[in-house]
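Enquirer:
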Amino acid sequence: MNDTVLFISHEASRTGAPIILLNFLRWLRRNEPIPFRIVTGSTGGLSEDFAAVGRVDPVDPDGPRWYRALRHLNLHGYWRSSHLDRLRRELSKESFCLVYVNSIAGGRLLDLLPIGDCRVICHVHELAGAIRAVGLDNLAALERHHARYIAVSHAVKECLVKEFGVSPDRIEVIHGFIPHSSDDVPSLEEARQMLARELNIPVYAKVVCGCGSIEARKGTDLFIEIARQVCGASSGDIRFVWIGGAAEEAEAMRRVLDNEGLGGRVHFVGSKADAAVYFAAADVFLLTSREDPFPLVVMEAARCGAPIVCFSDGGGAPEFVGDDAGFCVPDFDVSAMSRRVLELTSSRSLRDRMGGAAKRKAETNHNIEQGASRIASRIREVIRGDGAARVEAGSPRSEKVPGEGRGEPLVPSPNGATTAQ
11 MNDTVLFISH
21 EASRTGAPII
31 LLNFLRWLRR
41 NEPIPFRIVT
51 GSTGGLSEDF
61 AAVGRVDPVD
71 PDGPRWYRAL
81 RHLNLHGYWR
91 SSHLDRLRRE
101 LSKESFCLVY
111 VNSIAGGRLL
121 DLLPIGDCRV
131 ICHVHELAGA
141 IRAVGLDNLA
151 ALERHHARYI
161 AVSHAVKECL
171 VKEFGVSPDR
181 IEVIHGFIPH
191 SSDDVPSLEE
201 ARQMLARELN
211 IPVYAKVVCG
221 CGSIEARKGT
231 DLFIEIARQV
241 CGASSGDIRF
251 VWIGGAAEEA
261 EAMRRVLDNE
271 GLGGRVHFVG
281 SKADAAVYFA
291 AADVFLLTSR
301 EDPFPLVVME
311 AARCGAPIVC
321 FSDGGGAPEF
331 VGDDAGFCVP
341 DFDVSAMSRR
351 VLELTSSRSL
361 RDRMGGAAKR
371 KAETNHNIEQ
381 GASRIASRIR
391 EVIRGDGAAR
401 VEAGSPRSEK
411 VPGEGRGEPL
421 VPSPNGATTA
431 Q
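Mapping to this note's numbering: the sequence shown position 348 is 358, numbers consecutive.
1. From this set, T374, G366, V351 and N33, which residue's C-alpha is nearest F233's C-alpha?
2. Please classify N33 as buried or exposed, where buried requires at least 16 other C-beta atoms within 10 Å of its C-beta.
3. Give the range of the alpha helix (DSSP H) segment to which R158 is assigned.
4. Taking C-beta to C-beta, are L120 and L152 nearer than 8 Å?
5. If you compare alpha carbons, which of L205, V109 and E259 is closest to V287?
6. In whole angstroms, what is the alpha-carbon distance linking D247 and R361?
7. Which residue comes first and which comes last in the alpha helix (DSSP H) that contains T230?
8. Can you round the beta-carbon distance between A311 and F330 to whole angstroms, since I take them to be within the 8 Å contact cut?
9. Please name the residue in R99, A285 and R65 whose C-alpha comes closest to that of P196.
10. Need the endpoints of the beta strand (DSSP E) that H277 sits in, please.
11. Within this structure, are the beta carbons of P68 and S52 separated by less than 8 Å?
12. Look up K438 in the DSSP assignment and say whether it is helix, strand or coil.
13. My assumption, with CB atoms under 8 Å, is that A386 sits in contact with R313. Please give the rounded CB distance.
14. Counting beta carbon pairs with one atom in the stretch 320–328 and one in the stretch 296–306, are three or more of them shorter than 8 Å?
15. Which term fits N375, buried or exposed, when burial requires 16 or more other beta carbons within 10 angstroms of its beta carbon?
16. Consult DSSP for H164 and reduce its assignment to one of helix, strand or coil.
17. DSSP has W252 in a bridge; who is on the other side?
18. Is D341 helix, strand or coil when you go by DSSP?
19. Can you give the Cα-Cα distance for D231 and V308, rounded to whole angstroms?
20. Identify which residue in S113, R118 and C107 has its Cα closest to the Cα of D127.
21. Please name the residue, chosen from D194, Y159 and G175, that lies closest to V183 on a Cα-to-Cα basis.
22. Write down every uninterrupted run of the beta strand (DSSP E) in the stretch 80–147 whose length is 3 residues or greater and which is fully enclosed by it, in chain order.
23. Distance, Cα to Cα, E261 vs S223?
24. Please classify E136 as buried or exposed, where buried requires at least 16 neighbouring CB atoms within 10 angstroms.
25. If I measure Cβ to Cβ from R40 and keep anything under 8 Å in the same chain, skipping five residues before and after, which residues do I get?
26. By alpha-carbon positions, which one of R180, C169, S113 and L31 ends up nearest to E391?
27. Could you give the DSSP three-state label for E301: helix, strand or coil?
28. Roughly how far, in whole angstroms, is the beta-carbon of R249 from the beta-carbon of A201, given that I think they are within contact range, below 8 Å?
29. Using the Cα positions of T25 and A382, report the straight-line distance between them to the nearest angstrom.
30. On the three-state DSSP scale, how would you describe P406?
31. Which residues share a DSSP beta bridge with N375?
32. What does a CB cutoff of less than 8 Å around H185 pick up in its chain, not counting 5 residues either side in sequence?
33. Quick one: Cα of S405 to Cα of H156, how far?
34. Here's the rule I'm using: 16 or more other beta-carbon atoms within 10 Å means buried, otherwise exposed. How should A290 be labelled?
35. Take R129 as the anchor and find which of A368, N12 and R207 has the nearest alpha-carbon.
36. Between which two residues does the beta strand (DSSP E) carrying G51 extend?
Here is the structure:
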């Protein structure tokens with residue numbers, strides 16, 4: 011049997027799921043004799059990084075402006091492009107022993123690529139809202155291939171079982187992980203000086219960090235409301251810093267904050283390739299997400315010694331925080347979350363105790379050696395056929411994913427299955 015694994019990433023953006031895959035592939039290249047090839051749904055900020063660890067091909071390349079315009083208007087689908095035809099011909103010459111889909115969002119690519127009766131693993135980084143938002147046809151494609159699932163948190167496993175009827179026997183929980191290198195983490199003093207220069211704030215100011223795309227799912231609006239409440243209730247100098255979002259989105263948020271009189275207290279700095287300096291300067295990391303499966307930024311902030319404040323019902327973060335690495339606030343109670351932030355910013359001993367616990371957890375329980383080795387073991391098990399079913403190529407399952415069809419509209423794909431436009 012061919013021992014090459016095909017890794018599929020729905021995109022190559024500098025975001026959580028592709029970053030986890032990239033870190034895993036770097037570890038795999040160093041530690042395991044498993045050959046692999048990479049396919050990404052599109053190009054992005056991590057395309058060169060993926061190319062540095064293995065051969066990578068995009069399904070939808072970054073073509074000329076006219077091509078992108080046609081794609082945007084749905085006048086030219088990538089599923090009927092000459093580039094995809096060439097990629098199919100190339101892949102059909104290889105015999106893969108396993109396809110590893112690095113998120114539910116990549117499920118639709120299974121119907122576009124010549125994978126035959128290959129076994130499939132899907133690493134799930136989504137909860138119900140995101141699974142529906144990317145289109146339930148992705149999950150339907152995975153189910154047709156009788157995929158095995160790796161969930162990044164127990165919250166994700168519970169979602170797959172209760173919301174979408176996936177058998178719990180086909181799901182293994184492997185919590186997220188990050189590389190641990192102290193070389194890229196500046197000292198508190200260095201980080202404070204750097205932040206003070208960039209944002210023109212005092213070095214003695216308390217810093218509360220949030221991170222993510224600028225959207226309701228990440229709770230950007232809740233972050234601003236908490237900042238308003240905390241700044242109104244505290245006599246101390248507390249600054250709120252949000253990392254993430256496109257440059258134009260961050261600029262728009264800055265204009266809104268200036269109009270509301272919060273411009274000097276709340277800072278949107280946009281997307282950063284390395285957020286370690288912000289996390290190292292933070293007194294508190296504030297996770298305001300309404301839905302987040304197991305955010306990498308929590309572990310990255312914890313590695314820098316920041317205590318975490320999150321919502322109890324927002325996803326997998328409470329599985330990390332517990333009762334010692336910060337606070338989990340129930341019922342999306344913004345006022346209660348504001349009080350917890352005030353409690354931490356006013357007590358250095360509490361910050362040190364909870365931040366120390368968070369750092370130990372990140373380093374001990376969520377290092378890449380543990381997480382990546384467990385994934386590699388799962389890959390070897392599925393390749394051997396330990397409990398993994400095989401299906402004939404193109405043979406659809408009779409079951410339907412609950413709610414299938416409420417996502418993006420379905421269109422025929424070249425092999426007679428369906429994919430989303």
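Quick reminder that beta carbons are idealized off the backbone N, C-alpha and C, glycines included. Being a predicted model, the structure only gives us computed values, none of them experimental.
Expert: Reading off the structure:
1. Measuring from the Cα of F233, the nearest candidate turns out to be V351.
2. Residue burial annotation: N33 is buried, with at least 16 other C-beta atoms found within 10 angstroms of its C-beta.
3. Taken as a continuous stretch (DSSP letters only), R158 belongs to no alpha helix (DSSP H), being part of the beta strand (DSSP E) at R158 to A161.
4. The Cβ atoms of L120 and L152 lie closer than 8 Å to each other.
5. Minimum Cα-Cα distance from V287 among the listed residues L205, V109 and E259 corresponds to L205.
6. Rounded to whole angstroms, D247 and R361 show a C-alpha spacing of 16 Å.
7. It spans T230 to A243 - the alpha helix (DSSP H) in which T230 sits, taken as one unbroken run.
8. Separation of the CB atoms of A311 and F330 is rounded to 11 Å, and the pair is thereby denied contact status at 8 Å.
9. Considering only alpha carbons, the answer is A285.
10. That run of the beta strand (DSSP E) goes V276 to G280.
11. P68 places its beta carbon less than 8 Å from that of S52.
12. This structure gives no information on residue 438, because the portion of the chain shown stretches from 11 to 431.
13. Contact flag wrong, Cβ pair sits at about 22 Å.
14. Output reads yes: the stretch 320–328 touches the stretch 296–306.
15. With fewer than 16 Cβ atoms within 10 Å of its Cβ, N375 is classed as exposed.
16. Reduced to three states, the DSSP call for H164 is helix.
17. According to DSSP, which records beta bridges pairwise, W252 is partnered with G220 and F278.
18. Looking at D341 - three-state DSSP - the assignment turns out to be helix.
19. Their Cα atoms are separated by approximately 19 Å.
20. Cα-wise, what sits closest to D127 is C107.
21. The shortest C-alpha to C-alpha distance from V183 to any of D194, Y159 and G175 is the one to Y159.
22. Uninterrupted beta strand (DSSP E) stretches at least 3 residues long and entirely within the stretch 80–147 occur at 106–111 and 129–134, given in chain order.
23. One C-alpha to the other measures close to 13 Å.
24. By the 10 Å Cβ count, E136 comes out buried.
25. Leaving aside the five residues that flank R40 on each side, none in its chain has a CB nearer than 8 Å to its CB.
26. Of the candidates R180, C169, S113 and L31, the residue whose Cα lies closest to the Cα of E391 is R180.
27. In this structure, E301 counts as coil in the three-state DSSP scheme.
28. About 13 Å separates the CB atoms of R249 and A201; that is not less than 8 Å, and the two are not in contact.
29. In a straight line, the C-alpha of T25 is about 18 Å away from that of A382.
30. The predicted model places P406 with a pLDDT of 35, which falls under 50 and marks its position as unreliable; any figure quoted below should be read in that light. Coil at P406, not helix or strand.
31. Answer is none; N375 lacks a bridge partner.
32. Once the five neighbours on either side are set aside, the close Cβ partners of H185 are V162, S163, F304, G326, E329, F330, N375, H376 and G381.
33. Confidence at S405 is low in this model, with a pLDDT of 34, below 50, so the placement of that residue is unreliable and no value is reported for it.
34. The Cβ neighbour count for A290, taken over all protein chains shown within 10 Å, is at least 16; the residue is labelled buried.
35. The residue with the shortest Cα to Cα distance from R129 is N12.
36. For G51, the enclosing beta strand (DSSP E) starts and ends at F46 to S52.
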